[in-house]
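First residue of the sequence shown: 1311, per our numbering; consecutive thereafter.
Idealized CB from N, CA, C, for every residue including glycine.
Let me begin by presenting the structure, written as structure tokens, before commenting on it.
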Amino acid sequence: MNINEIIKELKKGTAEIIDFERIEKLIKDYYENGKEFLVKIGMDPTAADLHLGHTVILNKLAFLQKHGAKVQFLIGDFTARIGDPTGKSVTRKVLSQKEVEKNAGTYKEQVFKVLDPAKTQIMFNSEWLNELGAGGLIALAGTFSVTRMLERDDFTKRYNAQQSIAISEFLYPLLQGYDSVAMKCDIELGGTDQKFNLLMGRTLQRTYEVGKEQAVLMMPLLVGLDGTNKMSKSLGNYIGISEPANTIFAKVMSISDELMWEWYLLLSNKSVDEIEALKASVEDGSAHPMEVKKALGCELVERFYDEANAKSARAEWESVHSKGALPSDMKEYESEGKIWIVEALKLCGLVNSSSDARRAIKANSVSINQSKINDEQLHLESGEYVLQVGKKAYAKLKVKNGI
């Protein structure tokens, strides 16, 4: 692959690149002189599990690792105790040291499903931020004004709305920028919502005379399963990279055909030309969008598991959806004594509320043991049942004899 092809693939899916010429020079220098460069990614261990939204940036890092990058994967164990205020309307809950350590451990296990361990250095910012001390922190705070800090959109909104902003939250972008000073990185990656913090790294590297100013590469935020909001655990529209292979595949198959192309661009390892060719084949009718989506599902399952699991997940999905078979991994629930169908659907997590259950029954979307029902007053006696809502939501319910 020549340099022009590498640069073309590097740009794939990116939202914005600041100082692109520097990145291009670093890659050329690697191929001409064998000189590696340092690429930073920082994540605060505020949750135990990573989802596909996180892998948008991890995929780009993995690509750079093939072309001269040594990834500095920074776990913000110090800054997690402050909490990133980006996009927050209230001060974020402070995590305990125990929570931070637990989440950091799971992060380390998960990132190597995408990144090359031999070209990745795991770092913790407590290493230098603990040593910064009160004097160093005051000096750091003195490099930036409150006026400049309020240029941040989320801070401005909260200030104008007279919502509380903790002083510690002003420190967060400064500390993230100082990480770049300590790490002496050449490039930092992040989402578009992190632009202010990413640019802080460039500013502070210049202020502290590091001898370089990091380039910045920003990736879009991945839209989740609902097709509207960014992927988020709190919204329930996510795919966790540690979820079962069958679940990952089935969730991929649930997205819209339109969203599929965005996912291909941000999640697939296929080249820009390959993705364009796939899109053209769907448009001219030579390929069915469902088959193209299955290929994406298999690629993602194989990334986090292996080829055998990908093939098995595809076969399972096709068995359930094409042949009317029941899924082999249904969750199982129990009820003590006779239970009303509306309560049963809620117990099994197939609906969010009683009104949702009634609507599903009236819409002829509820089945028991693969037979449709339309009686919302139905009560289930002792026995075992397979409950289904729509085409994709299943659960087993065992109703025991009441005392």
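Residue i - containing beta strand (DSSP E), residue span
| i | result |
| --- | --- |
| G1693 | 1693-1699 |
| A1414 | Premise fails: A1414 lies in the alpha helix (DSSP H), 1407-1421, not in any beta strand (DSSP E). |
| K1710 | 1703-1710 |
| Y1643 | 1642-1646 |
| K1672 | Note, K1672: premise wrong, no beta strand (DSSP E); alpha helix (DSSP H) at 1664-1672. |
| G1363 | Looking at the DSSP string, G1363 is not in any beta strand (DSSP E); the run it does join, the alpha helix (DSSP H), is 1362-1375. |
N-terminal and C-terminal residue of the alpha helix (DSSP H) that residue i is part of
| i | result |
| --- | --- |
| Q1515 | 1505-1517 |
| F1388 | Run containing F1388: none; DSSP gives neither H nor E here. |
| V1491 | 1477-1493 |
| V1533 | Careful: V1533 lies outside any alpha helix (DSSP H) and carries neither H nor E. |
| L1447 | 1436-1451 |
Sub-8 Å separation of residue i and residue j beta-carbons
| i | j | result |
| --- | --- | --- |
| K1631 | K1682 | A small correction: the amino acid at residue 1631 is His; Lys does not occupy that position in the sequence shown. No, they are not a contact pair. |
| Q1680 | V1696 | yes |
| L1360 | M1541 | no |
| N1343 | L1384 | no |
| G1501 | M1529 | yes |
| M1570 | K1603 | yes |
| G1647 | K1710 | yes |
| V1699 | L1636 | no |
| I1520 | K1561 | In the sequence as presented, Ile is not what sits at residue 1520; that position holds Val. Their beta carbons are not under 8 Å apart, which means V1520 does not touch K1561 by this criterion. |
| K1641 | A1705 | yes |
| V1652 | E1691 | no |
From the options, residue whose alpha carbon lies closest to that of residue i
| i | options | result |
| --- | --- | --- |
| Y1340 | K1321, R1391, L1374 | L1374 |
| L1532 | L1336, H1364, K1603, S1622 | H1364 |
| F1559 | K1589, A1623, Q1472, Q1524 | A1623 |
| P1355 | M1433, F1347, N1470 | M1433 |
| R1391 | K1376, L1439, K1370 | L1439 |
| Y1718 | M1563, H1598, L1606, K1350 | What is shown of the chain runs 1311 to 1713, which leaves residue 1718 out entirely. |
| Q1407 | T1389, K1708, I1678, E1334 | T1389 |
| M1459 | D1387, T1513, E1346, L1688 | T1513 |
| T1324 | L1657, K1345, L1499, E1411 | L1499 |
| K1580 | L1606, D1503, I1313, V1424 | L1606 |
| F1506 | A1428, F1454, P1483 | P1483 |
Contacting residues, own chain, Cβ-Cβ under 6 Å from residue i (five flanking each side not counted)
| i | result |
| --- | --- |
| K1322 | V1582 |
| D1426 | Q1375 |
| E1326 | M1528 |
| S1591 | A1597 |
| S1664 | V1652 |
Beta-carbon proximity list for residue i, same chain, < 8 Å, skipping 5 on both sides
| i | result |
| --- | --- |
| K1621 | C1608 |
| V1456 | F1480 |
| Q1420 | D1359, L1360, I1551, S1552 |
| K1522 | K1494, D1496, Q1515 |
| I1565 | L1535, G1537, W1573, K1603 |
Euclidean distance between Cα positions of residue i and residue j
| i | j | result |
| --- | --- | --- |
| Q1486 | A1555 | 35 Å |
| M1510 | G1415 | 28 Å |
| T1430 | S1645 | 49 Å |
| Q1515 | N1547 | 37 Å |
| L1576 | V1366 | 6 Å |
| E1617 | F1330 | 36 Å |
| A1471 | E1461 | 15 Å |
| D1639 | E1334 | 48 Å |
| E1593 | I1316 | 28 Å |
| A1449 | K1318 | 41 Å |
| V1676 | S1629 | 20 Å |
| C1658 | E1409 | 30 Å |
| I1328 | Q1524 | 9 Å |
Chain-order list of residues whose beta-carbon lies under 7 Å from that of residue i (same chain, five-residue window excluded)
| i | result |
| --- | --- |
| K1398 | Residue placement at K1398 is poorly supported in this model, since its pLDDT is 49, which falls under 50; the coordinates still yield a value, given next. Around K1398: D1464. |
| V1611 | A1555, I1558, F1559, N1619, A1620, A1623 |
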